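Chemist: Numbering (our numbering), first residue to last: 912 to 1121. The C-beta atom is built at its ideal place from N, Cα and C for all residues, glycine as well. None of the values given here were measured: they were computed from a predicted structure. I'd like to ask some things about the structure below.
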């Protein structure tokens, strides 16, 4: 029987912006392939492919996923799996942060955009204290603070009934979780390597052959 569906947290604005740009860039690329001629067309096409890859890696791919085993903190080039046993606290300064015994894992997409709020968070920092009054109404919280609150609650719930043994299935908690036990584990996923390598090869080929 399948377990509960993982909960995904991401920046709605950047995700929508990425989808819109990718659609526009693909249409422009098709137009270049259909009507473009000569060296300029090839270079324009290569630049459009670079922009699509960048939008995917920087805006569309990053997210934080709460799974039965732990947190997947997915940033543009790297993914970190944090087992629930290693989650000490989740808070927000300029970005959402997951505190673990050995380090702090920062999330690229979940960030505070209001400068005054960032300054207030930095002043409030100093130990694992909630960013706001613990009785604050979630309905009035900033989106990233609400995400941190939900992740803290997830950590409390999963720590109360932990799953034992190392992760052996990539579908269970992502590729960075494979073999992880009680410590955070970071890796560069295969999809990132493929996207970056394919883009670099295409750009180099275009500039060498035109």
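In whole angstroms, give me the CA-to-CA distance for residue 1097 and residue 991.
Modeler: Taking the chain shown and counting its residues from 1, one reaches residue 1097 at position 186. Taking the chain shown and counting its residues from 1, one reaches residue 991 at position 80. Spanning the two alpha carbons is a distance of roughly 4 Å.
Chemist: DSSP on residue 1095, reduced to helix/strand/coil?
Modeler: Within the chain shown, residue 1095 is the residue found at index 184, counting from 1. Residue 1095: coil per DSSP, three-state reduction.
Chemist: Using DSSP with H/G/I as helix, E/B as strand and the rest coil, what is residue 1009?
Modeler: In the chain shown, counting from the first residue as 1, residue 1009 sits at position 98. Three-state DSSP puts residue 1009 in a strand.
Chemist: So if DSSP puts residue 994 in a beta bridge, which residue, or which two residues, is it bridged to?
Modeler: Translated into positions along the chain shown, residue 994 becomes position 83. Per DSSP, 981.
Chemist: Below 8 Å on the Cβ atoms is my guess for residue 937 versus residue 963; work out the distance and round it to an integer in Å.
Modeler: Your numbering for residue 937 matches position 26 in the chain shown. Your numbering for residue 963 matches position 52 in the chain shown. The pair is a contact, with the Cβ atoms about 7 Å apart (cut-off 8 Å).
Chemist: Report all residues from its chain with a CB closer than 6 Å to the CB of residue 933; omit the five preceding and five following residues, and keep chain order.
Modeler: Walking along the chain shown from the start, residue 933 turns up at place 22. Answer for residue 933: 963, 966, listed in chain order.
Chemist: With a CB to CB cut of under 7 Å and the five nearest residues on each side skipped, what residues in its chain are close to residue 1055?
Modeler: For the purposes of this step, residue 1055 is identified with residue 144 of the chain shown, where counting begins at 1. Cβ neighbours of residue 1055 beyond the five flanking positions: 1003, 1007, 1021, 1022, 1023.
Chemist: Pick out whichever of 972, 1066, 1089, 1080 has its Cα sitting closest to the Cα of residue 1123.
Modeler: It is not possible to answer for residue 1123, since the shown part of the chain is limited to 912 through 1121.
Chemist: Residue 950 and residue 1103: beta carbons closer than 9 Å?
Modeler: Position 39 of the chain shown, counted from the start, is the residue given in the question as residue 950. Position 192 of the chain shown, counted from the start, is the residue given in the question as residue 1103. No.
Chemist: In the DSSP assignment, find the unbroken alpha helix (DSSP H) run with residue 1117 in it and report its ends.
Modeler: Within the chain shown, residue 1117 is the residue found at index 206, counting from 1. Where residue 1117 is concerned, the enclosing alpha helix (DSSP H) stretches over 1101 to 1120.
Chemist: Considering only the beta carbon of each residue, do residue 974 and residue 920 sit closer than 9 Å?
Modeler: Taking the first residue of the chain shown as 1, we reach residue 974 at position 63. Taking the first residue of the chain shown as 1, we reach residue 920 at position 9. Taking 9 Å as the Cβ cut-off, residue 974 and residue 920 qualify as a contacting pair.
Chemist: Going along the chain, which unbroken runs of the alpha helix (DSSP H) with 4 or more residues stay wholly within the segment 1051 to 1098?
Modeler: Segments of the alpha helix (DSSP H) lying fully in the segment 1051 to 1098: 1054 to 1071, 1081 to 1084.
Chemist: Taking the runs of the beta strand (DSSP E) that are 3 residues or longer, which of them lie wholly in the segment 913 to 988?
Modeler: Fully enclosed beta strand (DSSP E) runs of 3 or longer: 918 to 920, 974 to 977, 981 to 985.
Chemist: So which of 1081, 1077, 1059 has the shortest CA-CA distance to residue 1100?
Modeler: By 1-based counting over the chain shown, the position of residue 1100 is 189. Here the closest residue by C-alpha is 1081.
Chemist: Around the Cβ of residue 1019, are there at least 16 other Cβ atoms within 10 angstroms (buried) or fewer (exposed)?
Modeler: As a working mapping, residue 1019 is identified with position 108 in the chain shown. So residue 1019 counts as buried.
Chemist: Run the CB neighbour count on residue 1030, radius 10 Å, all protein chains shown included, and call it buried at 16 or more, exposed below.
Modeler: For the purposes of this step, residue 1030 is taken as residue 119 along the chain shown, with counting starting at 1. So residue 1030 ends up on the exposed side.
Chemist: Could you pull the start and end residues of the beta strand (DSSP E) that residue 1021 belongs to?
Modeler: Position 110 of the chain shown, counting from 1, holds the residue named residue 1021. Residues 1015 to 1022.
Chemist: On a Cα-Cα basis, can you pick out the residue from 995, 954, 989, 948 that is closest to residue 1116?
Modeler: Residue numbering aside, residue 1116 sits at position 205 when the chain shown is read from its first letter. With distances taken between Cα atoms, residue 1116 lies closest to 954.
Chemist: Measuring only the C-alpha atoms, how far is residue 1114 from residue 1092?
Modeler: If you number the chain shown from 1, residue 1114 lands on position 203. If you number the chain shown from 1, residue 1092 lands on position 181. Roughly 40 Å between the two C-alpha positions.
Chemist: Using CA coordinates, which residue listed in 1078, 927, 926, 968 is at the minimum distance from residue 1108?
Modeler: Position 197 of the chain shown holds residue 1108. For residue 1108, the nearest C-alpha among the options comes from 968.
Chemist: In terms of alpha-carbon separation, which member of 1072, 983, 970, 1071 lies closest to residue 918?
Modeler: By one-based count along the chain shown, residue 918 stands at place 7. Nearest of 1072, 983, 970, 1071 to residue 918, Cα basis: 983.
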